[in-house]
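Chemist: The structure is given below, and queries will be raised subsequently.
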Amino acid sequence: ELKVEQNPLFLSMQEGKNYTIYCNYSTTSDRLYWYRQDPGKSLESLFVLLSNGAVKQEGRLMASLDTKARLSTLHITAAVHDLSATYFCAVAVQGAQKLVFGQGTRLTINP
Amino acid sequence: GAVVSQHPSRVICKSGTSVKIECRSLDFQATTMFWYRQFPKKSLMLMATSNEGSKATYEQGVEKDKFLINHASLTLSTLTVTSAHPEDSSFYICSAEGLDRYGYTFGSGTRLTVV
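So, in structure tokens, the structure goes:
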């Protein structure tokens, strides 16, 4: 059974700092997703990572995937308050269409 | 881009009544849709996978007689919470496989409160 674990679960940081959120998963998969969720809202797609070594960047966010280590990272560079949200990684179950979500990382960026 | 419309966004119902939530793909055909449930400050839990023209596949522990899913067309899936109880109060989110093979588009969610 595929299990997805994120850490940290809570992260409070200052504007301008860098930090990384980690996403580990337990079985082989060919797709990993990162989503953002604002309070009371649904999910916003950030990245989809499809292959070992894949790296994608959008603004201050950069995601990478190491399929051998079953690890993805979401790196935040020079954080700004607008990035405060909950971030989820989700991993596709091999051979199936469904996703398994991590617990989410609640990110708070303080001025 | 792919858009999934979910209605209603909020609903309050009395215990014992049924509530229907609609999920529509607006600009693409979705042969497969997914229904998730999210408790406050928790992650998304997949409830069922809905395939057009066939019975939904429910995840372990999800009562299929309580959470009725219908996917009668390529653009519409519905989730009906039958005989709702306060413990069914939650945030329900649908998603559909998007225009490309790898993307999933999420609806805006429905906050259900059972009183």
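Going down the list, the protein sequences come from chains F and Z. Taking our numbering, the leading residue of the first sequence gets 1, the next gets one more, and so forth. Taking our numbering, the leading residue of the second sequence gets 1, the next gets one more, and so forth. For every residue, glycine included, the Cβ atom is placed at its ideal position computed from N, Cα and C.
1) Which residues in chain Z have a C-beta closer than 7 Å to the C-beta of V48/F? List them in chain order.
2) Taking the C-alpha atoms as reference points, what is the distance between K68/F and V81/Z?
3) Taking only three categories from DSSP, how would you classify L74/F?
4) Could you check if D88/Z is buried or exposed, using at least 16 other CB atoms within 10 Å of its CB as the buried criterion?
5) Name, please, each residue of chain F whose Cβ falls closer than 7 Å to the Cβ of T121/Z.
6) If you reduce the DSSP assignment to three classes, tell me which class D66/F lands in.
7) Quick one: what does DSSP say L9/F is sitting in, helix, strand or coil?
8) Alpha carbon to alpha carbon, how far is V19/Z from Y33/F?
9) Got a sec: which bits of the region 25-37 of chain Z sit with their beta carbon under 7 Å from any beta carbon on chain F, in order along the chain?
10) Give the secondary structure of H81/F by DSSP, where H, G and I count as helix, E and B as strand, and everything else as coil.
11) When you compare each of S15/Z, V62/Z, F67/Z, T49/Z to T113/Z by their alpha carbons, which one comes out closest?
12) Measuring alpha carbon to alpha carbon, tell me which residue in H75/F, A90/F, G95/F, I109/F is nearest F101/F.
13) How big is the Cα-Cα spacing for V80/F and G104/F?
14) Under 9 Å between C-beta atoms, does K42/Z make it to chain F?
15) Alpha carbon to alpha carbon, how far is G109/Z from V122/Z? Give it in angstroms, no decimals.
16) Threshold first: 3 residues or longer. Then list the beta strand (DSSP E) segments lying entirely within the region 11-98 of chain Z, N to C.
17) State the DSSP-derived secondary structure class of L99/F, mapped to helix, strand or coil.
18) Can you tell which of E22/Z, P86/Z, L26/Z has the C-alpha that lies nearest to the C-alpha of V115/Z?
Modeler: Taking the definition as stated:
1) Identification of chain Z residues near V48/F by a Cβ-Cβ cut-off of 7 Å yields Y102, G103, ordered along the chain.
2) 41 Å
3) strand
4) buried
5) Lying outside 1 to 115, the shown extent of chain Z, residue 121/Z is not represented and no answer is given.
6) strand
7) coil
8) Approximately 31 Å between the Cα atoms of the pair.
9) Listed by position, the residues of the region 25-37 of chain Z near chain F (Cβ gap below 7 Å) are T32, F34.
10) helix
11) Considering only alpha carbons, the answer is S15/Z.
12) A90/F
13) 19 Å
14) yes
15) Any answer about residue 122/Z is impossible in this case: the structure gives chain Z only from 1 up to 115.
16) DSSP runs (the beta strand (DSSP E)) wholly in the region 11-98 of chain Z: 19-25, 32-38, 44-51, 67-73, 76-81, 90-97.
17) strand
18) P86/Z
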